[in-house]
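Contents: one structure, followed by commentary.
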Amino acid sequence: MTDAQNIWKAILNELELTVTRANFATWLKCTHLIEVLDTTLVIGAPNIFTKDWVEKKFHEQILKAAQKLTKNYIKKIEYRMVSPAATKNLVAPNISVEHFIAQKQASQQASQQQTNSDLNARYTFENFVRGKNNELAHAAAFGVATAPGKRYNPLFLYGGVGLGKTHLMHAIGHGILAKNPKAKVVYVTSEKFTNDFVRSVSRGTMEQFKQHYRTADALLVDDVQFLAGKESTAEEFFHTFNELHQNDRQLVLTSDKLPKMIANLEGRLITRMEWGMIADISSPDLETRLAILQMKCREKNFLVEDSVLRFMAEAISENIRELEGFLNRLTAYHEIRGTAPTLDSAKTLLASIYPQQQTSGLTPKRVLAVVSEHFDVSLSDILGQSRKKELVMPRQIAMFLLRETIKYSYPSIGLALGGRDHTTAMHACNKVQSEISRDENVKQNIQSIKQKLYSQSVNVL
Ligand code: ADP
Ligand code: MG
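In this text, residue positions in the sequence shown follow my numbering: the first is 17, and each later residue adds one.
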């Protein structure tokens with residue numbers, strides 16, 4: 017037992033005792049250790065099916081065995097698909113298990129900081145591509161990481177799905193820890209915050225809850241729009257916010273909309289969210305998308321020609337997560353076959369994922385449903401006659417989107433909106449068009465509605 021590969025062999029030996037022989041032979045025998053990254057074992061599988069299956073069915077057993085064999089040193093297992101040909105270069109260097117563990121334990125303090133903070137190691141400033149779409153957000157995030165609790169507090173990052181909010185938030189966490197490894201950085205999604213809160217109420221462990229969240233040096237809360245409508249959780253968050261803010265602890269929040277556009281959120285909480293710095297992230301332009309793809313290739317060791325990357329960047333523009341998903345699929349497809357991606361294979365894959373134009377599959381019903389969900393107003397209110405401001409805007413945007421996405425005629429738009437006149441539809445479309453260039457807020461809203469519309473019709477990725 018002298019090299020890191022043997023950790024994996026030992027784990028497999030353990031598993032062999034607990035899973036059926038057929039399962040072992042089919043799924044586990046063909047796996048291998050790619051590398052050990054800090055406290056993470058990265059396991060390779062020869063194809064995507066094996067990778068998915070092993071991850072889904074055996075993860076818990078694998079993790080348990082790994083922890084047992086490394087005296088709890090290993091905290092995480094990651095699975096990757098690697099073609100056998102490529103494996104040779106990736107195998108970890110020979111080091112003894114004991115030496116490896118001793119070395120790691122010596123630097124345990126630092127690594128504990130990392131593992132405790134729930135931060136994704138890949139989401140750093142170094143891996144984040146700056147573009148016009150995220151300039152301000154990036155600068156503010158960097159400022160916060162350099163001087164937490166001082167300049168922008170809270171920092172509120174907002175923008176559509178898959179545009180890098182979570183990435184920047186984690187980067188702030190890493191940045192703070194890099195300067196001060198002892199800092200207590202707490203990253204949490206608003207859903208987890210909610211669950212933690214509800215659980216501690218029902219179990220009577222509020223003290224622990226408070227101890228955890230109110231002693232953070234930096235509290236990063238992702239997707240705060242989900243606090244809307246959750247009264248008691250939002251109230252608890254309000255008190256947490258106040259306590260931290262009074263003590264100059266850094267708060268970073270993300271959301272898919274501006275604070276004041278989050279419906280069903282208390283005014284006093286909205287005011288707090290607007291206290292510091294608000295920065296948006298919008299859709300990246302072509303060059304930025306290309307740069308992001310190049311960055312992902314470097315990060316993941318993918319070899320893809322620039323012409324192929326450019327094609328992808330041109331084809332998918334609204335959502336970086338989708339773009340990255342496409343890159344992963346393309347490279348997975350080729351790794352299985354041991355070939356390199358080409359322009360033709362990228363085109364074929366794209367056509368198989370998006371059989372028709374993205375707009376197909378959109379119905380007026382869906383457009384109206386997504387608009388009403390986005391603004392949190394009922395469909396009957398959108399179709400109705402009320403002239404209230406919070407209904408007129410969503411109604412006009414619905415008309416505009418019917419025109420823009422499914423090319424409805426003005427009379428049909430009028431009909432779809434509860435039998436309105438075609439001149440009303442025309443007026444609404446023109447109005448929204450001019451608002452878009454005038455009002456950043458309207459532009460943002462439309463962008464994120466469009467994302468929702470398209471992501472629902474392409475959720476195969
Ligand atoms: P959001 O939280 O806004 O929905 P994420 O932060 O999860 O989006 O980003 C989705 C994916 O796109 C992540 O893998 C992230 O690393 C990547 N990404 C987004 N913007 C950038 C960027 N500017 N540079 C590098 N990667 C990016
Ligand atoms: Mg996110």
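Glycine included, every Cβ here is placed at the ideal spot set by N, Cα and C.
Since the model is a prediction, treat every value here as computed from it, not as a measurement.
Runs of the alpha helix (DSSP H) lying entirely within the stretch 299-328, each at least 4 residues long, are 302-316 in chain order. In terms of side-chain proximity, the C-beta atom of Ile23 is found no nearer than 7 Å to any non-hydrogen atom of the ligand ADP. Under DSSP, Phe172 forms a beta bridge with Leu269 and Ile294. For Ala414, the secondary structure class from DSSP, reduced to helix, strand or coil, is helix. For Met442, no beta strand (DSSP E) encloses it; the enclosing alpha helix (DSSP H) starts and ends at His438 to Arg454.
Rounded to the nearest whole angstrom, the C-alpha separation of Val202 and Val35 is 38 Å.
Pairing Ala26 with Leu85 gives a Cβ-Cβ distance under 8 Å. The beta carbon of Lys92 sits no closer than 7 Å to any heavy atom of the ligand MG. Inter-segment contact for the stretch 176-183 and the stretch 323-342 is present: three or more beta-carbon pairs are separated by less than 8 Å. Of all alpha-carbon atoms in Glu223, Arg411 and Gly175, the one lying nearest the alpha-carbon of Gln467 is that of Gly175. The straight-line gap separating the alpha-carbon atoms of Cys46 and Asp455 is approximately 57 Å. Residue pairing of Ala61 in beta bridges, as defined by DSSP: Met97. By the Cβ-count criterion, Leu418 is buried, with 16 or more other Cβ atoms from all chains shown falling within 10 Å of its own Cβ. Assignment of beta-bridge partners to Val237 by DSSP yields Val204 and Leu269. In terms of Cβ geometry, Ala279 and Phe391 form a close pair [threshold 8 Å]. Below 8 Å, enough C-beta pairs join the stretch 347-362 and the stretch 318-325 to call them touching: three or more. Shortest Cα-Cα distance from Lys87 to any of Phe318, Leu399 and Ile23 involves Ile23. DSSP places Glu51 inside the beta strand (DSSP E), whose first and last residues are His48 to Leu53. Ala61 places its beta carbon 8 Å or farther from that of Glu30.
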